[in-house]
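Trainee: Listed in order, the protein sequences are those of chains D and B. Throughout, my numbering is defined as the position within the first sequence, counted from one, plus 1. Throughout, my numbering is defined as the position within the second sequence, counted from one, plus 1.
There are 2 protein chains.
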Amino acid sequence: MPTRPNLSDIARQLGVSVATVSNALSGKGRVSRELGEAIRNKAEELGYIPSVAGRALSTGRSNVLGLVLADINQPLFPQFALNIEEAAGELGLGVLIGNSRGDPEEQERAIRRLIERGADGIIVVPRYGTRVTGHRWPIAVIDSPSSPDNTISADHFGGGVAIGRHLRELGHDRVVVVGLYSGSHVQTDRLAGIKAAFDGQELPTIWIQDLERERGPNCPLGLVDFVKEGATAFACVSDLHALRAVTELQHAGLAVPGDVSVTGFDDLGWASVVAPAITTMRMDMKRIARLAIKHILSQLDDSKFEAPDLAELADGVPMELIIRQSSGPAPRTRSSTDQAAVPVRSE
Amino acid sequence: MPTRPNLSDIARQLGVSVATVSNALSGKGRVSRELGEAIRNKAEELGYIPSVAGRALSTGRSNVLGLVLADINQPLFPQFALNIEEAAGELGLGVLIGNSRGDPEEQERAIRRLIERGADGIIVVPRYGTRVTGHRWPIAVIDSPSSPDNTISADHFGGGVAIGRHLRELGHDRVVVVGLYSGSHVQTDRLAGIKAAFDGQELPTIWIQDLERERGPNCPLGLVDFVKEGATAFACVSDLHALRAVTELQHAGLAVPGDVSVTGFDDLGWASVVAPAITTMRMDMKRIARLAIKHILSQLDDSKFEAPDLAELADGVPMELIIRQSSGPAPRTRSSTDQAAVPVRSE
DNA sequence: TAATAGTGCTTAAACGCTTAACCTAGCTTC
DNA sequence: GAAGCTAGGTTAAGCGTTTAAGCACTATTA
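1) Taking the alpha carbon of N74(D) as the reference point, which residue from G270(B), M286(B), G103(B), G317(B) has its own alpha carbon closest?
2) Along the chain, where does the alpha helix (DSSP H) containing E91(B) start, and where does it finish?
3) Looking at the C-beta of G37(B), does it have a partner C-beta in chain D at a distance below 9 Å?
4) What residues are listed by DSSP as bridge partners for M282(B)?
5) Considering just the uninterrupted stretch of the beta strand (DSSP E) at S27(D), what are its terminal residues?
6) Indicate the three-state DSSP secondary structure (helix, strand or coil) for S347(B) in the structure shown.
7) Give a yes or no on whether 9 Å exceeds the smallest Cβ distance from A232(D) to chain B.
8) Give me the chain B residues within the contact set of L83(D), using Cβ-Cβ distance strictly less than 9 Å, ordered along the chain.
9) Which one or two residues does DSSP pair with G379(D) in a beta bridge?
10) Taking Cβ positions only, does T248(B) come closer than 9 Å to chain D?
11) Could you give the DSSP three-state label for L311(B): helix, strand or coil?
12) Straight-line CA distance for R118(B) to L83(D)?
13) Would a check of beta-carbon distances place R118(B) closer than 9 Å to chain D?
14) In this structure, how does DSSP classify S273(B) when only helix, strand and coil are distinguished?
15) Report the residue from G30(B), I50(B), A278(B) whose alpha carbon sits nearest the alpha carbon of N7(B).
16) Going by the DSSP bridge assignment, what does C237(B) pair with across the sheet?
17) Is the segment 105-125 of chain D touching the segment 66-80 of chain D, taking contact as three or more C-beta pairs under 8 Å?
18) Mind checking whether R191(D) and F78(D) have CB atoms under 9 Å apart?
19) Are the beta-carbon atoms belonging to T362(B) and D316(B) less than 9 Å from one another?
20) Are I294(D) and L26(D) closer than 9 Å when you measure CB to CB?
21) Compile a chain-ordered list of the residues in the segment 39-60 of chain B whose CB is closer than 8 Å to at least one CB of chain D.
22) Determine, for R114(D), whether the minimum Cβ-Cβ distance to residues of chain B falls below 9 Å.
23) I need the DSSP call for T131(B), collapsed to helix, strand or coil.
24) If contact means a Cβ-Cβ distance below 8 Å, which residues of the segment 267-289 of chain D contact chain B?
25) Under 8 Å: do the segment 179-193 of chain D and the segment 253-260 of chain D share three or more Cβ pairs, one atom per stretch?
26) Under 8 Å, with one C-beta from each stretch per pair, do the segment 124-132 of chain B and the segment 157-176 of chain B reach the 3-pair mark?
27) In chain order, what residues of the same chain have a beta carbon less than 7 Å from the beta carbon of L168(D), not counting five sequence neighbours either side?
28) Does P139(D) pass the burial test, meaning 16 or more other C-beta atoms within 10 Å, or should it be called exposed?
29) With the cut-off set at 9 Å, would you say T134(B) and D150(B) are in Cβ contact?
30) Anything in chain D within Cβ reach of L241(B), meaning under 7 Å, just list it in chain order.
31) For L15(B) and H157(D), what's the separation of their Cα atoms in angstroms?
32) So for G30(D), helix, strand or coil by DSSP?
33) Is it true that the CB of L298(D) sits closer than 9 Å to the CB of V318(D)?
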């Protein structure tokens with residue numbers, strides 16, 4: 002264990018006081034140009050690294066943010082983590098991670114642990130529909146504009162509208178919506194947006210969680226039946242479900258997008274490499290991460306940061322439509338007697 | 002900003018010294034049962050949370066580990082992060098994340114930043130083939146047994162053998178191997194294992210990165226041609242590539258596993274929900290995470306932890322074969338004249 | 001020429017915790 | 001009944017930083 006040089010090492014070697022060294026390096030107090038130079042050089046020479054602990058103790062700020070992520074099934078995990086890490090890094094902040102395992106109680110404990118560890122503020126990407134309340138610590142919640150405690154998020158509704166319009170423009174009028182769980186505001190908002198693009202008409206909806214409760218985990222979604230009944234597109238609220246849909250349809254011998262279109266959400270890593278590549282909506286993660294951090298920083302009383310105007314973003318950060326191969330023109334409308342013509346492989 | 006109670010608050014209210022309170026709560030010094038009780042109760046009542054900064058400054062230990070992850074394209078990211086977070090949490094350690102963006106230099110910087118932030122040790126999941134050297138700080142590298150600086154990892158070679166045997170037992174003898182990049186020890190080890198299962202014979206190999214350099218990113222891998230020439234299975238070194246293969250084959254009208262089998266590696270989150278669900282190899286992440294952390298802890302000079310016997314695990318932590326639907330019996334050997342019979346959709 | 005202002009630095013306290021060293025009873029022991 | 005233990009505390013120093021306050025000059029102003 003090498004022992005790191007500290008301020009007093011520098012001070013001693015230069016015959017000045019510790020305070021002066023501190024001032025010189027932070028650029029705060031009054032130090033002559035030459036001495037300042039000398040101190041900085043010496044610091045460089047010794048490989049001085051400030052002690053965060055010492056600084057934290059003195060200033061009451063750790064310069065560390067806590068990030069609480071729902072669980073391993075949150076497919077956006079890496080993107081959240083890395084974007085926040087990056088945005089934090091730009092401001093000289095570190096990111097401590099916590100895992101809520103998708104359990105509301107664990108989520109509370111995770112927040113607590115991070116606060117104990119000295120996090121100046123917490124960013125929470127909550128479990129579907131979980132509330133994050135009663136904390137007197139600076140917190141930013143990334144969820145969905147319609148969620149009760151939401152701080153900042155993408156415009157999931159608007160994203161739904163965009164993808165709905167896209168399908169409509171391709172001539173689809175028999176669209177089935179696929180979600181995981183109706184308790185998630187993110188999902189219900191996306192879904193509502195899609196419906197809005199179809200003038201608010203009710204669209205047949207598949208909730209995977211309900212289905213799996215009935216038929217067992219990882220069960221087929223029975224999409225082929227919907228196609229037989231005339232569905233021409235599946236609009237999924239996540240690329241994960243889109244992937245599931247695409248493979249299930251292909252596995253059954255249907256062509257995507259030839260026979261039926263599929264769209265997703267979130268532009269997950271692999272969405273562009275599968276065949277067909279998935280048409281999807283992408284969040285502006287970078288911006289969301291920056292806003293979340295700024296929001297926390299503005300809550301720290303001594304902050305030089307002004308709160309981002311969240312009101313202005315009440316609808317959320319706009320999403321971007323990424324058109325790829327999984328969505329195409331609706332097949333010419335099949336007459337109802339024509340249904341049997343859809344090729345379906347038995348196994 | 003609520004101001005947290007500290008040791009002296011407790012001490013003052015109870016009329017004892019700060020040292021006694023510290024001793025009582027840590028259970029180290031000598032404190033009578035009754036007073037100990039009283040102190041713990043008071044701490045509870047006031048909602049006392051120890052200050053990590055104070056403790057860190059005093060003990061020289063931050064109880065925080067740094068975790069450096071390659072980049073967003075590292076599909077195992079969430080699993081690494083959460084397993085390490087969990088294993089660390091059990092020991093009262095926090096996890097600070099760093100991002101190397103897949104760049105060796107950035108990786109060095111990330112390590113440095115984490116050390117500056119006071120991390121007691123660093124766990125690195127390096128970019129393919131990157132070396133992690135010259136650090137005097139406790140470090141654990143999770144890579145592959147054959148990598149130069151590897152500390153602990155899964156037995157990728159053994160995993161390759163297992164999946165190779167699995168395919169062989171299913172009657173496959175024309176296997177094509179799919180990897181991303183030959184510079185990754187993880188990948189080359191897996192690949193070598195697969196070959197070993199086929200008595201070391203050379204198997205046709207697709208390196209995706211080479212292919213993409215030629216044909217552009219996200220290009221088709223041309224797998225159908227291999228099938229036409231008699232290949233009955235694709236053994237991919239990652240589920241990501243397996244997914245790409247499955248969809249590409251299905252998209253072309255081939256049945257998986259009816260016409261051709263596909264296997265992956267890593268049991269990524271979605272591997273079980275696609276159709277067909279992907280046969281894969283799973284690492285024992287929990288164990289790897291624990292060993293990595295233990296290894297770091299044992300390097301701290303005052304440690305009560307003894308170093309895990311890494312020599313014993315020189316081959317790596319065994320992997321587990323997860324058989325699902327994407328691998329099946331090899332189709333009856335087609336005579337070479339029979340090749341045209343393979344149904345291939347044009348688009 | 002005396003008050004004022006600015007410059008460049010030092011002193012000293014504070015942040016919250018840990019820990020070695022010390023003190024004081026009360027108790028044993030021979 | 002003096003020496004030695006032990007239990008149960010206290011004192012005080014130290015970890016590395018920041019920062020308000022102070023001090024000794026020199027330069028400026030009226």
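The beta carbon of each residue, even a glycine, is placed where N, CA and C say it ideally should be.
Mentor: According to the data block:
1) G270(B)
2) 78-91
3) no
4) L322(B)
5) Premise fails: S27(D) lies in the alpha helix (DSSP H), 19-27, not in any beta strand (DSSP E).
6) Per-residue confidence for S347(B) stands at a pLDDT of 43, beneath the threshold of 50, marking its modelled position as unreliable; no derived number is given.
7) no
8) L70, D72, I73, F78, I98, N100, R102
9) The requested residue 379(D) is not part of the displayed model; chain D covers only 2 to 348.
10) yes
11) coil
12) 17 Å
13) yes
14) helix
15) I50(B)
16) V179(B)
17) yes
18) no
19) Residue coverage of chain B in this structure runs from 2 to 348, which leaves residue 362(B) outside it and unanswerable.
20) no
21) I50, P51, S52, V53, A54, G55, A57, L58
22) yes
23) coil
24) G270, W271, S273, V274, V275, A276, P277, A278
25) no
26) no
27) V176, A234, A236, S262, T264, S328
28) buried
29) yes
30) W271
31) 54 Å
32) coil
33) no
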